[in-house]
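Residue numbers (this note's numbering): 22 to 180.
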């Protein structure tokens, strides 16, 4: 069941679209669930589908197509490294390897304490700042070095 807060946010989002186009709010609804719960379960997708009057499979297709949705718990701070070709040429592979070693996890995993998750993502449209990652789809950090990564992780560890 979607919480009252999520329903309220979805209702505000629905005002942006024609009455017969409720499915247009699916991406926002997925984001609202993830912001509240940290990830999106299959039951959440079913609830979103029912609320928006669309097939469950359609919600699932959106949630699995975009890399910004966590379909399993991924830690309080999900770090998504852009690994597209431009970023690879800019050092993304080295960034991924550094993060894996530093956090003690592999891509698609979360740390045992639940603080950090590590994912790879598609192009984030900021190739000039490669290598780069986003933090929980809210903040982008670019021109990463091991020192800068250490500083970012330390700041996140305190929050």
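Yeah, the Cβ is synthetic: ideal placement off N, Cα and C, and Gly gets one too.
_Determine whether the beta carbon atoms of residue 154 and residue 102 lie at a separation below 7 angstroms._
In this structure, residue 102 lies closer than 7 angstroms to residue 154 by Cβ.
For residue 161: DSSP bridge partner residues: 155
Exercise for review: Report back the beta-carbon spacing between residue 49 and residue 73 to the nearest angstrom; my notes put them in contact at under 8 angstroms.
Suggested key: 10 angstroms between Cβ atoms; not a contact.
message = Considering only their Cβ atoms, is the gap separating residue 167 from residue 112 smaller than 7 angstroms?
response = Contact flag unset, no.
Practice prompt. Rounded to whole angstroms, what's the CA-CA distance from residue 83 to residue 119? Just pull it up for me.
Written response: Near 31 angstroms, if we compare the C-alpha coordinates of residue 119 and residue 83.
Cα-Cα separation between residue 37 and residue 79, rounded to whole angstroms: 20 angstroms
What is the residue span of the beta strand (DSSP E) that residue 102 lies within?
98-103
Can you list, in chain order, the residues of its chain with a C-beta nearer than 6 angstroms to that of residue 108? Leave out the 5 residues immediately preceding and following it.
The answer, listed in chain order, is 151 and 152.
So what's residue 62 in DSSP terms, helix, strand or just coil? coil
How about residue 60 and residue 93: do their beta carbons lie closer than 7 angstroms?
yes
The alpha helix (DSSP H) spanning residue 25 covers which residue range? In the DSSP assignment, residue 25 falls within the unbroken alpha helix (DSSP H) covering 25-35.
In the DSSP assignment, what are the bridge partners of residue 140?
101
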